[in-house]
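Peer 1:
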Amino acid sequence: MSPTVTLSLVIPVYNEEKHLVNSVKKIMEVIVTLACDFEVILIDDGSKDNTWKEINDLSKMFKEVVGIQLSRNFGKEAALCAGLDYISGEVCIIMDADLQHPPDIIPEMMRLWKEGYDIVDAVKINRGHESFAYKLSSKLFYILLNKFTGYELTGASDYKLLDSKAIDAWRQMRERITFFRGMAAWLGYKRSSVPFVVAARVDGVSKWSVPALFKLAKNAITAFSTIPLQFITTIGFIFLLGSLLLGTNTLYQKISGEAISGFTTVIILLLIIGSILMIALGIIGEYLAKIYEEVKMRPRYLVRESVTYRSKENNLNKQDKEYNYVKV
Ligand code: UDP
Ligand code: MG
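The structure is reproduced here in structure tokens:
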């Protein structure tokens, strides 16, 4: 399909009713300076507040706005997938709705794209207002991810520009459980990056809970690495070596009649081996669960409704002089 617009913006939205209209207007103020055709795809990820109504209002105000409502809350990753499936631009930019991804760097990202880069990563140079525990666990996650997968994603964010080549490649990755940041890194292509300072959230609090972040971390590691599985083999071999040494020693003591009561040793060994076996089974279980999720082949998300006034020019809100820049 040939592109119908130049730039597609993909913005996943979950319970952002209070500031959505203002935030989208702020983002669009930057986009209009680029003087190119664009569309803004807002994916309502099953919001429980009035977000969908706000998206409807926005689509009436601006013909560039396309609203897609998912049938329930599928999570940001699935919402991103939905957005990427719907875009029709030559290039797309994925960003958050809460203005933590500052729109002012979009012209720089577009400049790099025009220079010939296929993917432009916006890289965080600070981590915004996060608790010490959050910062520490995220550091640990990136260290583990780097050790297990070889990808250096420290500072990486979901704020990215993707050329249509990269989007086509992304669409070929058909796994159900996605980790956008990692998968975008896996794509390769000619890439550049733009640093940005994470702003404070315009309103509300982060939608990520600790269990949701833990799940994301687990998905990221299991999706990109089988090293945890290979670990089990390594630990098994280490224990085999230990058991050979200890076994020989025990037999020798038995034969020479020096066998002593080794109750403590037996208990400690039992505990160590028991826990390692449990962890090993758990790791295998994680991969098994992932295979199970993937083979079910369920869709990544379901769309309940979509809205756009793109082709109906009369629906453009002519009252809104400030934003009445659209060619009709
Ligand atoms: N979001 C989403 N579905 C969710 C959680 C979040 O679409 O289940 C959206 C949210 O509306 C925002 C973006 O994903 O546009 C980032 O979410 P948030 O600001 O809560 O995350 P953080 O900035 O703390 O990483
Ligand atoms: Mg945020």
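Numbered by this note's numbering, the letters in the sequence shown go through residues 281 to 608 in order. Virtual Cβ for every residue (Gly too), placed ideally from N, Cα, C. As the structure is a computational prediction, the values presented were derived from the model and not from experiment.
#1: If we ignore side chains and look at the alpha-carbon of each, how far apart do V345 and S472 end up?
#2: Using a Cβ-Cβ cutoff of less than 6 Å, which residues in the same chain neighbour I323 once the five nearest sequence positions on both sides are dropped?
#3: Have a look at Y468 and I548 and give me their C-alpha separation to the nearest angstrom.
#4: Alpha carbons only, please: which of I447, E334, G542 is nearest the one belonging to K305?
#5: Rounded to a whole number of angstroms, what is the C-alpha to C-alpha distance between L551 and S411?
#6: In this structure, does DSSP put N597 in helix, strand or coil?
#7: With DSSP collapsed to three states, give me the class of E319.
#8: So does E309 have its beta carbon nearer than 7 Å to some heavy atom of the ligand UDP?
#9: In angstroms with no decimal places, state the Cα-to-Cα distance between I621 and Y567.
#10: May I ask you to check if the CB of E296 is nearer than 7 Å to at least one heavy atom of the ligand UDP?
#11: Counting only the same chain and skipping the five closest in sequence on each side, list residues whose C-beta sits under 8 Å from that of I540.
#12: Per DSSP, D401 forms a beta bridge with which residues?
#13: So the alpha helix (DSSP H) S288 belongs to, where does it begin and stop?
Peer 2: From the atom records:
#1: Locating residue 345 in the sequence shown gives position 65, counting from the first residue. Locating residue 472 in the sequence shown gives position 192, counting from the first residue. Approximately 28 Å between the Cα atoms of the pair.
#2: As a first step, residue 323 is located in the sequence shown; it is residue number 43 there, counting from the start. So the list reads P292, I348, A359, A362, G363, once near-sequence residues are dropped.
#3: Position 188 of the sequence shown, counted from the first residue, corresponds to residue 468. Position 268 of the sequence shown, counted from the first residue, corresponds to residue 548. One detail in the question is off: residue 468 reads as Gly in this sequence, not Tyr. Each residue's alpha carbon lies about 48 Å from the other.
#4: Residue mapping note: residue 305 aligns to position 25 of the sequence shown, counting from 1. Comparing Cα positions, the closest option is E334.
#5: Counted from its first residue, the sequence shown places residue 551 at position 271. Counted from its first residue, the sequence shown places residue 411 at position 131. Their backbone Cα atoms lie some 35 Å apart in a straight line.
#6: Looking up residue 597 in the sequence shown gives position 317. Legend: pLDDT at N597 = 37, less than 50; position of this residue unreliable, no value from coordinates given.
#7: Working through the sequence shown from its first residue, we reach residue 319 at position 39. Strand at E319.
#8: Position 29 of the sequence shown, counted from the first residue, corresponds to residue 309. No; taking the cut-off as 7 Å, the Cβ of E309 has no heavy atom of the ligand UDP nearer than that.
#9: This structure cannot settle anything about residue 621, because the visible part of the chain is limited to 281 through 608.
#10: The residue given as residue 296 occupies position 16 in the sequence shown. E296 Cβ: within cutoff of the ligand UDP.
#11: To locate residue 540, count along the sequence shown from 1; it is residue 260. For I540, where only same-chain residues beyond five positions count, the Cβ hits under 8 Å are Q533.
#12: What you label residue 401 is simply residue 121 of the sequence shown in a count that begins at 1. Note: D401 sits in a beta bridge opposite K440, S473.
#13: Sequence index remark: in the sequence shown, residue 288 carries index 8 (1-based). Premise fails: S288 lies in the beta strand (DSSP E), 285 to 293, not in any alpha helix (DSSP H).
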